[in-house]
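Engineer:
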Amino acid sequence: MKKVLILTTSTGQGHNQAADSLKHTFVKNGFEVIKYDFLDNNSKFLTKCIVGGYELLVSKTPKVYGGIYKITNFSNINSSLKLAFLRTVNKVNDYISKCNPDIIIGTHPLSVNIIASLKKQKMIDIPFISIVTDFKAHYAYISPYVDAYITASEYTKQKMSEGIIPENKIYPYGIPIKQEFFSKEDAFLRMERDDYFNILLMGGSMGLNNIFYVLEELMKNTNKLRITVICGNNSELKEKLEEHYKTTPEYKKIHILGFTKAVSSLMELSDVIISKPGGLTSSESLVKNLPMIIPFAIPGQETENAEFLSSIGCAIYEPNLKNLNPRLNELITNPKKLQDMKDNIEKVAKHYSLNEIVTLSNKLIDTYKK
0 MKKVLILTTS
10 TGQGHNQAAD
20 SLKHTFVKNG
30 FEVIKYDFLD
40 NNSKFLTKCI
50 VGGYELLVSK
60 TPKVYGGIYK
70 ITNFSNINSS
80 LKLAFLRTVN
90 KVNDYISKCN
100 PDIIIGTHPL
110 SVNIIASLKK
120 QKMIDIPFIS
130 IVTDFKAHYA
140 YISPYVDAYI
150 TASEYTKQKM
160 SEGIIPENKI
170 YPYGIPIKQE
180 FFSKEDAFLR
190 MERDDYFNIL
200 LMGGSMGLNN
210 IFYVLEELMK
220 NTNKLRITVI
230 CGNNSELKEK
240 LEEHYKTTPE
250 YKKIHILGFT
260 KAVSSLMELS
270 DVIISKPGGL
280 TSSESLVKNL
290 PMIIPFAIPG
300 QETENAEFLS
310 SIGCAIYEPN
320 LKNLNPRLNE
330 LITNPKKLQD
340 MKDNIEKVAK
350 HYSLNEIVTL
360 SNKLIDTYKK
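First residue of the sequence shown? That's 0 in numbering that gives the first Met the number 0, and the numbers climb one at a time after it.
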């Protein structure tokens, strides 16, 4: 049985969720899979600094985080990170020797630095795939020691190949998401057949508090709206919204949910999603052919995602909440514009495939064994 080692860590939930989706797919294809948090298992100090620091910055001072993201997005800064990770590199090497995988996959950019260091020193000779979990690749992903990159779009592939990465190393198979999002449900038969416009409102683990202000703005819209709000594990927000919207006008139907496993079905029932543009949420929306409206984004990779998705006509990026309703009304009153967005989405997501990542992995394993 072939063995895959998936390296991840918890700066936001996207990297771990991508790792979980990969694990599920590889297990289904007969692999033994080990998912390994390369920070938490090796350096509590680095975990506290990087994971804790990330969560603090994006929640309290997102502009500072955006500045850090920007200044680290070139080679000299990233080279200096190698010293900080020296101990972690050695511990990861010990773990690799212990579990002896046939292939390694990283769902976090910092894993590239670790594996590249080991390959450069000829301490390991194992194929390595890096998953780029946003629509633009930060410089931390870039290394000649990566055997293959999985990207979120042809555009990401094109931009990466303009640098030092050969085009034949880049595969636009999409950010790994749960298999259920690839299934098309007969949602139309289950949906209330009326003239309400269906909106799915969610914010991800780091953007939940913005939901309150977005919903407040949507309530001013004079069109018939059915709004499903996902609050996740934020029970305080859920209670606050339930109290605030005990009664609503007849032309507004609001459903407030906490954590739910039904996101795929809810996307199927929706006309648009209003959300922050995390890599995974954006990919799930693309696979579901669901246009996005983006009113908030964490500075850094999320603003890059928002700008990219907007530039190719898959999303509307409108950070000014006062303009939210006019932009929404463009879609409600002009079905052709909504359909044009769906057509654009279809072009981006047409190559998305979890099974192609498995096929690629098998090819790399065979190549290394020759």
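C-beta: ideal position from N, C-alpha, C; glycine also.
Less than 7 Å between the CB of F181 and some heavy atom of the ligand SAM, yes or no?
Structural biologist: With respect to small molecules bound, the structure shown includes none, and the ligand SAM cannot be examined in it.
Engineer: On the three-state DSSP scale, how would you describe N371?
Structural biologist: Because the chain here runs from 0 to 369, residue 371 falls outside it and cannot be looked at.
Engineer: L289 by DSSP, collapsed to three states: which one?
Structural biologist: Note: L289 maps to coil in three-state DSSP.
Engineer: Which class does T106 belong to by DSSP, given the choice of helix, strand or coil?
Structural biologist: Note: T106 maps to coil in three-state DSSP.
Engineer: Out of curiosity, what's the CA-to-CA distance linking I198 and Y94?
Structural biologist: About 46 Å.
Engineer: From which residue to which residue does the alpha helix (DSSP H) around F211 run?
Structural biologist: 209-217 is the extent of the alpha helix (DSSP H) around F211.
Engineer: Looking at C-alpha atoms only, which residue of L330, I331, I344, I293 is the closest neighbour of N319?
Structural biologist: N319 has its Cα closest to that of I293, out of L330, I331, I344, I293.
Engineer: Going straight from the alpha carbon of A17 to that of G105, what length do you get?
Structural biologist: Their backbone Cα atoms lie some 10 Å apart in a straight line.
Engineer: CA-CA distance, E161 and T358?
Structural biologist: The straight-line gap from Cα to Cα measures roughly 26 Å.
Engineer: From the DSSP output, read off the bridge partner residues of S129.
Structural biologist: G105, Y148, per the DSSP bridge assignment.
Engineer: For E345, report the span of its alpha helix (DSSP H) as first-last.
Structural biologist: Unbroken alpha helix (DSSP H) run through E345: 334-348.
Engineer: Under DSSP, the beta strand (DSSP E) around E31 begins and ends at which residues?
Structural biologist: Residues 31-36.
Engineer: Counting along the chain, where does the beta strand (DSSP E) carrying N197 start and finish?
Structural biologist: From DSSP, the beta strand (DSSP E) with N197 extends over 196-201.
Engineer: Closer than 7 Å by C-beta to E301: which residues in its own chain qualify, once you throw out the five before and the five after it? Chain order, please.
Structural biologist: These residues qualify, in order along the chain: K275, P276, G277.
Engineer: Measuring only the C-alpha atoms, how far is H14 from I149?
Structural biologist: Looking at the two C-alpha atoms, the distance is approximately 13 Å.
Engineer: So, for T259: in the same chain, excluding its five sequence neighbours on each side, which residues have a beta-carbon less than 7 Å away from its beta-carbon?
Structural biologist: Counting only Cβ-Cβ distances below 7 Å, and skipping sequence neighbours, we find I229.
Engineer: Just the C-alpha distance for Y367 and I163, rounded to the nearest angstrom, thanks.
Structural biologist: The alpha-carbon atoms of Y367 and I163 are separated by roughly 22 Å.
Engineer: In terms of DSSP beta bridges, what is P225 paired with?
Structural biologist: Note that residue 225 corresponds to Arg in the displayed sequence, not to Pro. According to DSSP, which records beta bridges pairwise, R225 is partnered with N197, K252.
Engineer: Taking only the alpha-carbon atoms, compute the straight-line gap between S116 and I128 and give it to the nearest angstrom.
Structural biologist: Taking the straight line from one Cα to the other gives about 15 Å.
Engineer: Report the option in E283, S96, N89, Y140 whose CA atom is closest to the CA atom of M201.
Structural biologist: Answer by Cα proximity: E283.
Engineer: My guess is that T155 and F180 are in contact by the Cβ rule of under 8 Å, so how many angstroms apart are they, rounded?
Structural biologist: Not quite, the Cβ-Cβ distance comes to about 19 Å (not below 8 Å), so this is no contact.
Engineer: Determine the burial state of H137: buried for a count of at least 16 other Cβ atoms within 10 Å of its Cβ, exposed for fewer.
Structural biologist: So H137 counts as buried.
Engineer: Per DSSP, what are the beta-bridge partners of K2 in this structure?
Structural biologist: Answer is E31.
Engineer: Would you call the segment 242-257 in contact with the segment 165-178, where contact means no fewer than 3 C-beta pairs closer than 8 Å?
Structural biologist: No, the segment 242-257 is not in contact with the segment 165-178.
Engineer: What's the gap between the Cα of I174 and the Cα of N324?
Structural biologist: Approximately 30 Å, taken between the alpha carbons.
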